[in-house]
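The block underneath contains the structure these notes are about, expressed in structure tokens.
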Amino acid sequence: MPRQVFLYDPPDRFVAGTVGLPGRRTFFLQASSGPRVTSVSLEKTQVAALAERMDELLDEVVRRTGGNAPVPAVAPAEATDTAPLDVPVDEEFRVGTMALAWDGEEQRMIVEAQALVELEADSDEDLAEAEERLLQDEENGPPMLRVRLTGAQARAFAKRALDVVNAGRPPCPLCSLPLDPEGHVCPRQNGYRRQA
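Converting from the sequence shown to the numbering used here requires adding 225 to each position, the first position being numbered 1.
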């Protein structure tokens with residue numbers, strides 16, 4: 226079956242968001258252009274890693290170009306998006322592998338999110354080969370969301386994504402694990418139940 230690629234070049238909107246209450250949230254990336262909307266689910270840590278790495282990559286682009294790339298130092302106020310996810314939120318797939326790149330010719334950030342797949346291999350070499358094939362742009366690969374963003378769109382995405390990640394339960398000051406309203410079992414206190 227041919228690979229399904231959800232391409233947004235450029236999107237009208239590309240955001241990270243959640244559905245559910247803190248502690249039970251499901252995280253999504255959502256791209257839209259006109260009436261077309263694509264939502265993919267992923268882990269909170271993946272959202273955080275994507276946002277942090279995106280900011281780092283944009284900073285590196287600015288540094289290497291001597292500030293000549295069309296990349297703002299911070300997210301422009303006019304690019305800030307605080308609206309909720311577009312509904313209905315229909316998950317196309319769960320994200321397994323993500324990739325980021327900067328297209329110097331087009332001056333665009335490229336974000337790719339591929340569906341989670343089970344790799345079958347008999348040995349470590351076979352597993353490495355299977356992982357390499359997965360990352361190639363093959364016609365028969367897993368479904369993929371590919372989004373091309375301007376520097377301003379990328380900065381705005383990263384800021385919102387980090388805000389979404391940090392909007393959850395507060396971290397324990399000792400172990401950094403999330404605190405539940407009824408407390409949590411803190412490993413740093415040898416299992417003593419810490420109250421929020």
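Heads up, the beta-carbon is just placed ideally off N, CA and C, and yes, glycines get one too.
- In this structure, the straight-line span from the alpha carbon of residue 408 to that of residue 395 is close to 11 Å.
- By the Cβ criterion, the segment 279–296 is not in contact with the segment 257–267, since fewer than three pairs of Cβ atoms, one from each stretch, lie closer than 8 Å.
- In the pairwise beta carbon analysis, the segment 363–377 is classified as touching the segment 336–343: at least three pairs are separated by under 8 Å.
- Secondary structure at residue 270: helix, using DSSP grouped into helix, strand and coil.
- Distances from the alpha-carbon of residue 301 to those of 381, 392, 273, 241 put 381 closest.
- For a cut-off of 8 Å, the C-beta gap from residue 253 to residue 269 is around 11 Å, too long to register as a contact.
- For residue 310, no alpha helix (DSSP H) encloses it, and the DSSP letter there is neither H nor E.
- A distance of 8 Å or more separates the beta carbons of residue 308 and residue 383.
- No Cβ-Cβ contact shorter than 8 Å links residue 272 with residue 372.
- With contacts defined as CB atoms closer than 8 Å, residue 310 and residue 244 qualify as a contacting pair.
- When the five nearest sequence neighbours on each side are left out, the beta carbons in the same chain lying within less than 7 Å of the beta carbon of residue 323 are those of 271, 275, 337, 338, in order along the chain.
- Between the alpha carbons of residue 231 and residue 403 lies a distance of about 34 Å.
- Comparing C-alpha distances from residue 306 to each of 289, 248, 237, 414 shows the shortest one belongs to 237.
- Between the alpha carbons of residue 374 and residue 387 lies a gap of roughly 17 Å.
- The shortest C-alpha to C-alpha distance from residue 399 to any of 240, 413, 392, 406 is the one to 413.
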